[in-house]
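Here's the structure we're looking at; comments come further down.
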Amino acid sequence: GQNIDQPTEMTATEGAIVQINCTYQTSGFNGLFWYQQHAGEAPTFLSYNVLDGLEEKGRFSSFLSRSKGYSYLLLKELQMKDSASYLCAVREDTGFQKLVFGTGTRLLVSP
Amino acid sequence: DTGVSQDPRHKITKRGQNVTFRCDPISEHNRLYWYRQTLGQGPEFLTYFQNEAQLEKSRLLSDRFSAERPKGSFSTLEIQRTEQGDSAMYLCASSDQARNTIYFGEGSWLTVV
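If you're matching them up, the sequences are chains D and Z in order. Sequential numbering of the first sequence, starting at 18, is according to the numbering used here. Sequential numbering of the second sequence, starting at 6, is according to the numbering used here.
As structure tokens, then:
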């Protein structure tokens with residue numbers, strides 16, 4: 018079976034740092050993705066990890082531990098516009114490369 | 006790169022009617038995906054095309070749903086005899102084999118009344 022867990026909601030203050038965790042149990046693994054989704058809009062690609070370690074991209078970083086089935090998305094210097102849902106998705110180790118999504122973490126950034 | 010485009014963006018239909026959504030992927034992308042998303046949930050996989058071949062279909066895709074990609078470019082998703090439970094955002098995404106990024110369109114919102 019497939020199971021991807023993320024916290025439902027998080028709150029943080031403008032300028033702070035927040036870490037959104039994701040744990041997964043899937044039948045196969047060929048990469049983990051993070052997407053940002055503002056209300057009523059489509060998901061926007063943020064990051065991709067396939068090897069263990071940290072990938073940094075500006076204010077956003079993503080970490081992966083395949084042995085632990087664990088990833089996190091780190092957002093630094095939070096801005097009000099970062100208020101959105103953050104979706105963790107695992108790409109299955111099949112030829113079809115489909116993504117399996119978690120339910121998403123709704124982040125609210127307050128002044 | 007014009008992005009993935011979907012049409013219509015919003016559709017309100019009466020229960021029992023048929024609806025069709027169109028997706029134009031990024032031009033060089035040979036892989037195309039349809040997902041469905043309801044409020045408070047992550048996107049759920051519906052079906053996948055590689056070029057014109059439909060290679061995988063989710064159990065969520067009942068026999069009222071059909072998807073095509075006749076020439077390996079644009080795709081259509083048709084829902085027949087719509088039900089209120091079909092109300093959702095239908096997302097199309099595309100990718101190519103060389104890159105590790107799947108790009109989503111803006112989505113097509115369906116409301117069945």
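Heads up, the beta-carbon is just placed ideally off N, CA and C, and yes, glycines get one too.
For Z/Q46, the nearest CB of chain D lies under 8 Å from its own CB, placing it at the interface with that chain.
The residue from Z/D91, Z/S10, Z/N56 with its alpha-carbon nearest to that of Z/P75 is Z/N56.
Here Z/G47 is buried, its C-beta having at least 16 other C-beta atoms within 10 Å. Taking a Cβ-Cβ cut-off of 8 Å, the neighbours of D/V117 in chain Z comprise F50, given in sequence order. When Cβ-Cβ separations below 8 Å define contact, Z/R74 makes no contact with chain D. Within the region 43-85 of chain Z, complete beta strand (DSSP E) segments of at least 3 residues are found at 49-55, 58-62, 70-73, 80-84, given in chain order. Chain D places no beta carbon closer than 8 Å to that of Z/R41, leaving this residue out of the contacts. The C-beta of D/G121 comes closer than 8 Å to at least one C-beta of chain Z.
Listed in chain order, the non-local C-beta contacts of Z/W114 below 6 Å within the same chain comprise H15, M94, local neighbours out to five positions each way being set aside.
Interface flag for D/A59 against chain Z is set, since a Cβ pair is found closer than 8 Å.
Within its own chain, the residues whose Cβ lies closer than 7 Å to the Cβ of Z/Y40, once the five positions on either side in sequence are excluded, are P48, E49, F50, L51, L96, A98, listed in chain order. In the displayed model, D/G70 falls within a strand according to three-state DSSP.
Three or more pairs of CB atoms, one per stretch, sit closer than 8 Å, so the region 39-50 of chain D contacts the region 58-69 of chain D.
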